[in-house]
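Undergrad: Heads up, the sequence shown stops at 541 in the numbering used here, and the numbers go up one at a time, no gaps. Built from N, CA and C at the ideal position, the CB exists for glycine as well. A quick note: this is a predicted structure, and the numbers were derived from the prediction, not measured. My questions all concern the structure below.
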Amino acid sequence: MKNRLQVQHLLDFIDASPSPWHAVHSIEAQLVPFAFIRLHETDQWTLQAGGRYYVIRDDSSIIAFVVGQKPLADTGFKIIGAHTDSPGLRVKPNGASYLDGFLRLGVEVYGGPILATFSDRDLSLAGRVSYKNNQGAIESRLIRFDQPLLRLPNLAIHMNRAVNDDGLKLHKQNELPLILTRLSEEQLPQPYFAALLQAQSSIEAARILSWELNVYDTQKGAFWGAENEFYANSQLDNLASCHAAITALLDNSVLAADGTLVCALFDHEEIGSTSTKGADGSFLPDILQRIALTHATDRQDYARGLAKSIQISADMAHAYQPNFPLAYDPDHKVLVNQGPVIKVNAGQRYSTESHSEALFVNWCEEAGVPYQKYSHRCDLPCGSTIGPITSAKLGIRSIDVGNPMWAMHSIRESAGVLDHDYMIRVMKRFFSG
Numbered sequence: 109m110k111n112r113l114q115v116q117h118l119l120d121f122i123d124a125s126p127s128p129w130h131a132v133h134s135i136e137a138q139l140v141p142f143a144f145i146r147l148h149e150t151d152q153w154t155l156q157a158g159g160r161y162y163v164i165r166d167d168s169s170i171i172a173f174v175v176g177q178k179p180l181a182d183t184g185f186k187i188i189g190a191h192t193d194s195p196g197l198r199v200k201p202n203g204a205s206y207l208d209g210f211l212r213l214g215v216e217v218y219g220g221p222i223l224a225t226f227s228d229r230d231l232s233l234a235g236r237v238s239y240k241n242n243q244g245a246i247e248s249r250l251i252r253f254d255q256p257l258l259r260l261p262n263l264a265i266h267m268n269r270a271v272n273d274d275g276l277k278l279h280k281q282n283e284l285p286l287i288l289t290r291l292s293e294e295q296l297p298q299p300y301f302a303a304l305l306q307a308q309s310s311i312e313a314a315r316i317l318s319w320e321l322n323v324y325d326t327q328k329g330a331f332w333g334a335e336n337e338f339y340a341n342s343q344l345d346n347l348a349s350c351h352a353a354i355t356a357l358l359d360n361s362v363l364a365a366d367g368t369l370v371c372a373l374f375d376h377e378e379i380g381s382t383s384t385k386g387a388d389g390s391f392l393p394d395i396l397q398r399i400a401l402t403h404a405t406d407r408q409d410y411a412r413g414l415a416k417s418i419q420i421s422a423d424m425a426h427a428y429q430p431n432f433p434l435a436y437d438p439d440h441k442v443l444v445n446q447g448p449v450i451k452v453n454a455g456q457r458y459s460t461e462s463h464s465e466a467l468f469v470n471w472c473e474e475a476g477v478p479y480q481k482y483s484h485r486c487d488l489p490c491g492s493t494i495g496p497i498t499s500a501k502l503g504i505r506s507i508d509v510g511n512p513m514w515a516m517h518s519i520r521e522s523a524g525v526l527d528h529d530y531m532i533r534v535m536k537r538f539f540s541g
């Protein structure tokens with residue numbers, strides 16, 4: 109029952125988070141009742157031992173932390189890193205266009221989604237708009253259309269006879285524009301779309317200067333399987349890991365721990381992490397340094413603290429799908445509902461090495477959690493995570509882990525109910541140990 113409740117909370121979190129900007133807003137809403145205080149990077153900071161704080165950079169990356177009671181040089185940082193973004197489609201700046209009576213929205217591919225899964229779905233838009241307020245300053249506001257607004261209708265099989273043999277292939281420029289509505293000849297596409305944004309945001313269209321809009325699936329998350337042992341939703345990669353990390357941090361026994369605890373949740377992982385708010389940017393180093401500086405930690409003690417630090421890089425893992433056995437290394441088939449996955453790659457696409465791997469195994473055993481180990485097929489390119497990036501940037505030990513899931517980068521992904529609780533339990537053990 110506890111497993112189901114935790115996963116329902118996860119599904120509710122994802123349903124409330126149709127874009128990275130909404131995800132950070134949802135995370136902030138979880139932190140505030142636990143007396144976390146928002147800090148701004150432009151302000152001077154005064155931090156208290158045991159204090160709970162968070163910092164948001166550009167609305168879609170967030171770092172929450174608890175200041176340790178013990179000196180940083182003695183404990184180091186305990187960090188869990190994950191990412192708030194997911195592969196998908198983003199509306200182009202001048203996306204609204206007219207063709208043969210239809211208003212369509214041109215989109216750009218973000219990351220590496222399985223494009224065919226976006227067809228014939230009840231799609232809508234969510235993100236943020238930037239506008240000029242009454243005082244002439246630039247502000248941003250979240251925006252979300254709850255109703256199905258857009259669609260990418262498939263071509264009938266009568267016109268694409270080979271689709272079941274060759275697969276659905278969509279030309280990224282010509283065949284991805286999404287149908288929004290029918291327009292009369294008197295209506296202009298850009299003003300029509302601007303009026304939609306005005307109605308949804310309550311901001312005059314003339315004051316809306318720009319936007320970042322994510323295409324999302326309006327279907328809610330759900331349990332499935334004969335015993336409701338699985339669940340499905342969009343963005344499990346990687347909002348499930350974000351949710352597990354924040355849930356672990358907000359446990360009362362964890363909040364009372366002596367060390368300095370950090371949850372770092374970044375945008376832009378799916379496009380390489382190289383941005384001001386990505387894992388390859390300065391966000392995490394900046395925050396860790398400021399935590400150290402507010403406690404009069406000198407450079408040598410800060411370096412000592414980093415040397416004692418450790419990170420869990422949490423990102424979802426490829427579960428074995430029995431219909432496609434040849435896609436997996438036969439000795440590394442990880443299964444849903446069988447526990448967190450330790451991800452290993454000799455080319456350092458994952459940050460795991462033998463010592464950090466052994467530490468995670470020990471945490472799992474102490475938490476009573478099963479674990480699995482994954483290695484990619486040698487003849488297939490291996491994906492990567494924020495783990496190697498932040499580990500190299502900070503010089504800290506790291507391990508890459510994740511819960512097993514099916515259909516990674518589909519608009520509708522699936523995972524096992526038991527695994528989410530397993531991951532939360534081992535993360536709690538990591539933070540409190």
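Would LEU263 be called buried (16 or more neighbouring beta carbons within 10 Å of its own) or exposed?
TA: As a position in the sequence shown, residue 263 is number 155, starting the count at 1. It counts as exposed.
Undergrad: From this set, PRO179, PRO433, ARG146 and ARG457, which residue's C-alpha is nearest ASP167's C-alpha?
TA: Along the sequence shown, one-based indexing puts residue 167 at 59. With distances taken between Cα atoms, ASP167 lies closest to ARG146.
Undergrad: Under the three-state reduction of DSSP, which class applies to ALA224: helix, strand or coil?
TA: As a first step, residue 224 is located in the sequence shown; it is residue number 116 there, counting from the start. In this structure, ALA224 counts as helix in the three-state DSSP scheme.
Undergrad: Which whole-angstrom value is the C-beta distance of VAL509 and ALA422, which I expect to be below 8 Å?
TA: On the sequence shown, position 401 is the one that residue 509 refers to. On the sequence shown, position 314 is the one that residue 422 refers to. 6 Å between Cβ atoms; contact.
Undergrad: Identify every run of the beta strand (DSSP E) within the stretch 486 to 533, keeping only runs that are complete inside it and at least 3 residues long; order them along the chain.
TA: Within the stretch 486 to 533, the complete beta strand (DSSP E) runs of at least 3 residues are 505 to 510, 512 to 514 and 521 to 524.
Undergrad: Could you work out which residue in GLU312, THR192, THR225 and GLN255 is closest to HIS351 when comparing CA atoms only?
TA: Along the sequence shown, read from residue 1 onward, the residue named residue 351 stands at position 243. Checked all of GLU312, THR192, THR225 and GLN255; the closest Cα to HIS351 is THR192.
Undergrad: Tell me which residue opens and which closes the alpha helix (DSSP H) that LYS451 is part of.
TA: Looking up residue 451 in the sequence shown gives position 343. Counting along the chain, LYS451 falls outside any alpha helix (DSSP H), though it belongs to the beta strand (DSSP E) covering 449 to 451.
Undergrad: Can you give, in chain order, each stretch of the beta strand (DSSP E) that sits fully within the stretch 155 to 207 and has at least 3 residues?
TA: List check, beta strand (DSSP E) in window: 160 to 165, 169 to 174, 185 to 191 and 196 to 207.
Undergrad: First and last residue of the alpha helix (DSSP H) that includes ASP325?
TA: Stepping through the sequence shown from its first residue, residue 325 is reached at position 217. Unbroken run through ASP325 is the beta strand (DSSP E), 316 to 325; no alpha helix (DSSP H).
Undergrad: PHE374 and GLN308: beta carbons closer than 8 Å?
TA: The residue labelled residue 374 in the question sits at position 266 within the sequence shown. The residue labelled residue 308 in the question sits at position 200 within the sequence shown. Contact: no.
Undergrad: Mapping DSSP to helix, strand and coil, what is GLY455?
TA: Counting from one through the sequence shown, the residue named residue 455 turns up at place 347. GLY455: coil per DSSP, three-state reduction.
Undergrad: Taking 8 Å as the cut-off, does the stretch 442 to 461 touch the stretch 473 to 485 (at least 3 CB pairs, one atom from each stretch)?
TA: Yes, since at least three Cβ pairs between the stretch 473 to 485 and the stretch 442 to 461 fall closer than 8 Å, the two stretches touch.
Undergrad: GLN397: which of MET531, ARG485, GLU149 and TRP471 sits nearest, CA to CA?
TA: For this step, residue 397 is matched to residue 289 along the sequence shown. Nearest of MET531, ARG485, GLU149 and TRP471 to GLN397, Cα basis: GLU149.
Undergrad: Per DSSP, ILE145 is paired with what?
TA: The residue labelled residue 145 in the question sits at position 37 within the sequence shown. For ILE145, which the question treats as bridged, DSSP gives the partners TYR161.
Undergrad: DSSP on GLN69, reduced to helix/strand/coil?
TA: Because the chain spans 109 through 541 in this model, residue 69 falls outside it and cannot be assessed.
Undergrad: Measuring straight from C-alpha to C-alpha, what distance separates ASP394 and ILE171?
TA: Start at 1 with the first residue of the sequence shown, and residue 394 comes out as number 286. Start at 1 with the first residue of the sequence shown, and residue 171 comes out as number 63. Distance between the alpha carbons of ASP394 and ILE171 is about 11 Å.
Undergrad: Taking only runs that begin and end inside the stretch 360 to 443, name each unbroken alpha helix (DSSP H) of 4 or more residues, in chain order.
TA: DSSP runs (the alpha helix (DSSP H)) wholly in the stretch 360 to 443: 360 to 363, 391 to 401 and 407 to 415.
Undergrad: Under the three-state reduction of DSSP, which class applies to ARG537: helix, strand or coil?
TA: Position 429 of the sequence shown, counted from the first residue, corresponds to residue 537. Here ARG537 sits in helix by DSSP.
Undergrad: With a 10 Å radius around its C-beta and 16 neighbouring C-beta atoms as the bar for buried, classify GLU294 as buried or exposed.
TA: The residue labelled residue 294 in the question sits at position 186 within the sequence shown. With fewer than 16 other Cβ atoms within 10 Å, it is exposed.
Undergrad: Among the residues of its own chain, which have a CB less than 7 Å from the CB of SER381, if the five just before and after it don't count?
TA: Translated into the one-based positions of the sequence shown, residue 381 becomes position 273. Closer than 7 Å at Cβ, skipping near neighbours: PHE374, ALA387, ASP388, ILE494 and ILE497.
Undergrad: Considering only DSSP beta bridges, list what PHE331 is partnered with.
TA: Counting from 1 along the sequence shown, the entry for residue 331 is found at position 223. Per DSSP, TYR339.
Undergrad: In terms of residue numbering, what span does the alpha helix (DSSP H) encompassing GLU474 cover?
TA: As a working note, residue 474 is residue 366 in the sequence shown. 462 to 475 is the span of the alpha helix (DSSP H), which, as asked, contains GLU474.
Undergrad: Suppose you measure from the CA of ILE188 to the CA of SER499; what does that come to, to the nearest Å?
TA: Translated into positions along the sequence shown, residue 188 becomes position 80. Translated into positions along the sequence shown, residue 499 becomes position 391. If I take the Cα positions, the gap works out to 12 Å.
Undergrad: So if DSSP puts TYR300 in a beta bridge, which residue, or which two residues, is it bridged to?
TA: Here residue 300 refers to the residue found at position 192 when the sequence shown is read from its first residue. Bridge partners of TYR300: none, in fact.
Undergrad: By the 10 Å Cβ neighbour count, where 16 or more other Cβ atoms means buried, how is LEU211 classified, buried or exposed?
TA: On the sequence shown, residue 211 is found 103 positions in, with the first residue counted as 1. Per the 10 Å Cβ criterion, buried.
Undergrad: Closest to LYS240 by C-alpha separation, out of PHE338, GLY455, ILE532 and ARG315, would be which residue?
TA: As a working note, residue 240 is residue 132 in the sequence shown. When each option's Cα is compared against that of LYS240, the closest is ARG315.
Undergrad: Please state if the CB of VAL174 and the CB of THR368 are separated by a distance shorter than 8 Å.
TA: Locating residue 368 in the sequence shown gives position 260, counting from the first residue. Locating residue 174 in the sequence shown gives position 66, counting from the first residue. For THR368 and VAL174, yes; Cβs fall inside 8 Å.
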